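There are 4 protein chains.
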Amino acid sequence: MYQIDAMSRTPVYEQIADMTEKLVLSGVLKPNDMLPSVRSLSAELKTNPNTVQKAFTELDFRGIVRTVPGRGCFIRPDVFDALKKRAAAKLAELCRLCREIRAAGVPLEDITTEINKIYNGGEENGL
Amino acid sequence: MYQIDAMSRTPVYEQIADMTEKLVLSGVLKPNDMLPSVRSLSAELKTNPNTVQKAFTELDFRGIVRTVPGRGCFIRPDVFDALKKRAAAKLAELCRLCREIRAAGVPLEDITTEINKIYNGGEENGL
Amino acid sequence: MYQIDAMSRTPVYEQIADMTEKLVLSGVLKPNDMLPSVRSLSAELKTNPNTVQKAFTELDFRGIVRTVPGRGCFIRPDVFDALKKRAAAKLAELCRLCREIRAAGVPLEDITTEINKIYNGGEENGL
Amino acid sequence: MYQIDAMSRTPVYEQIADMTEKLVLSGVLKPNDMLPSVRSLSAELKTNPNTVQKAFTELDFRGIVRTVPGRGCFIRPDVFDALKKRAAAKLAELCRLCREIRAAGVPLEDITTEINKIYNGGEENGL
DNA sequence: GTGGTCTAGACCACT
DNA sequence: GTGGTCTAGACCACG
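Chains as they are written, first to last, in the numbering used here: chain A, 222 to 348; chain B, 222 to 348; chain C, 222 to 348; chain D, 222 to 348.
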């Protein structure tokens, strides 16, 4: 279910957090579902438990999960509210990029055609 | 001409490189222009000379400048080709973000209206 | 009678102990009353018997109950003395918080109005 | 300047974070001041650098500091806004305690006299 | 079994 | 020098 890229520049703990987010968006993980335990996931990913722990802490901060000591780590019931907020932040980042691209002289059409391709790309949730 | 934000989380050397790029796009720096020397720029920005040096190396890597040992650092004649390629890379990054935003359930209109706002924002090159 | 919040960060055994205290304060449990057995309560709350056992040990420590091996767990005759002592400890904790709030520059009125609201809130014992 | 209590139940990293907050409230640390480095503070407190690191991360989350990789950890210019918000949260916690104390039959006067003592206690910032 | 904290020590990117 | 990440392994509280 999880897979990490050791060569990537994004930290392992962030990869785990991002991947979990995507598993929620793709419906694999649903509200109140329990995440794999720190130990089992660290064994599966062949990473240190502390790294997984940090990923779960990060997810807690993001409002994606609620971790209950001694019981486990659970997807929050209101996870989609948190994801909405994160999407808004990503939209702002997209706008920043867009301004840079415009400044480089790229025409509006180049961007809109790319975006339309993505949105007309059917139902695949390729993340 | 240059200004860095010490509180920003983007590395100072990257800020310098990005700013130089924008000075080219806004026409302040033109092909074959010479950049300030490492020593003068580091004095102006109150940073470590190593940091400025690293920024110049980064710009060299990006294809923006050509460093001539003993003479200085010059904007490449073909700088706009390099900038086109970098814009293309940014477009790809934008698409990646766009896919994530789509996965979060944000409608296409939210994105296109934002982008249109940017492209209809007149001639200002506010970078 | 009892109800636990699995998502809460306060340990389950503490939730059980706190709730028992409140049942005494609200008059539902009176001195010399017997508490439900560990087994029956753990079944009702769908928790581990060890957890309920730990809650009872905690209540014993607090001076709320007296556990008689082989017979059961009883509210102490002098339970209200123990509750008085605990209220005093809570008052000390409140003072600690109050000092912190004062240090943050919050005016006295903000605190007293909040407290008056609570004490003028009628007879409801909503705990 | 810093001192930790190894026997306390509050984690060391939290003690460090709380202490830093109090140093701001007492005026010892001011906006834009730099905190001691992870290494120096860990040496001073005889703790592991990772523990101090975690404290700084916590302070970042609280909005107290801004940590800039390669440069250091600085008190935010708007630190007092963050402290105001934290004080509001503490006031809510105080109200929760107050309700419990009221339920235990403690009269309003007992609380208000204690609080008045604190607020009339002169200028000492005893934290 | 679960997560939370901590130590010890390494390597990296940035200034 | 600075902070950031990661590994290895320990101990604790909770269920």
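Each residue gets a CB set at the ideal place from its N, CA and C atoms; glycine is no exception.
These numbers were taken from a predicted model, which means no experiment stands behind them.
At a cut-off of 7 Å between beta carbons, residue 275 of chain C makes no contact with chain D. In the three-state scheme derived from DSSP, where H, G and I count as helix and E and B as strand, residue 286 of chain C is classed as strand. DSSP lists C:295 as the bridge partner or partners of residue 255 of chain C. The way I'd put it, the segment 295-310 of chain D does touch the segment 319-334 of chain C; three or more beta-carbon pairs between them come closer than 8 Å. Taking C-alpha positions only, residue 302 of chain A is separated from residue 231 of chain A by approximately 25 Å.
In the three-state scheme derived from DSSP, where H, G and I count as helix and E and B as strand, residue 225 of chain C is classed as coil.
With respect to the C-alpha of residue 224 of chain D, the residue from D:315, D:265 and D:282 having the closest C-alpha is D:265. Within chain D, no residue has its CB atom less than 7 Å from the CB of residue 292 of chain B, the nearest being about 30 Å off.
Proximity of chain A to residue 228 of chain C at the Cβ level (cut-off 8 Å) is accounted for by 287, 289 and 295, in chain order. DSSP places residue 337 of chain A in the uninterrupted alpha helix (DSSP H) bounded by 329-340.
Contact annotation: the segment 268-277 of chain A does not touch the segment 279-289 of chain B, with fewer than three C-beta pairs closer than 8 Å. When the Cα atoms are used, residue 332 of chain C and residue 339 of chain D turn out to be separated by approximately 12 Å. By the C-beta density criterion, residue 297 of chain A is buried, having at least 16 other C-beta atoms within 10 angstroms. Here the C-alpha atom of residue 247 of chain C lies approximately 23 Å from the C-alpha atom of residue 335 of chain C. Looking at the backbone, the Cα of residue 233 of chain B and that of residue 291 of chain D are separated by about 10 Å.
Per the coordinates, the alpha-carbon of residue 242 of chain A lies some 34 Å from the alpha-carbon of residue 240 of chain D. Each residue's CA atom was taken as its position, placing residue 253 of chain B and residue 295 of chain B some 5 Å apart. Here DSSP, grouped into helix, strand and coil, assigns residue 325 of chain A to coil.
The C-alpha of residue 315 of chain B is placed about 11 Å away from the C-alpha of residue 313 of chain A. Against chain C, the CB of residue 324 of chain D has a partner CB under 7 Å away; the residue lies at that interface.
Neighbours of residue 225 of chain C in chain D, taken as residues whose beta carbon is under 8 Å from its own, are absent, since the nearest beta carbon is some 18 Å off.
When Cβ-Cβ separations below 7 Å define contact, residue 329 of chain D makes contact with chain C.
Contact of residue 306 of chain A with chain B is not assigned, every C-beta pair being separated by 7 Å or more.
Around the beta-carbon of residue 282 of chain C, fewer than 16 other beta-carbon atoms lie within 10 Å, marking it exposed. The C-alpha of residue 278 of chain A is placed about 26 Å away from the C-alpha of residue 261 of chain D. By the neighbour-count criterion, in which a residue is buried when 16 or more other Cβ atoms sit within 10 angstroms of its Cβ, residue 245 of chain B is buried. DSSP places residue 267 of chain B in the coil class of the three-state scheme, outside both helix and strand. By the neighbour-count criterion, in which a residue is buried when 16 or more other Cβ atoms sit within 10 angstroms of its Cβ, residue 227 of chain A is exposed.
Annotated three-state conformation of residue 233 of chain B is helix, per DSSP. Within chain B, no C-beta atom comes less than 8 Å from the C-beta of residue 262 of chain A; the nearest is roughly 22 Å away.
Straight-line spacing of the CA atoms in residue 267 of chain A and residue 222 of chain A works out to 14 Å.
For a Cβ distance threshold of 8 Å, residue set 333 and 336 of chain C lies close to residue 333 of chain D, ordered along the chain. Chain B has no Cβ within less than 7 Å of the Cβ of residue 267 of chain A. Excluding sequence positions up to five before and after residue 317 of chain A, its CB lies less than 6 Å from no other CB in the same chain.
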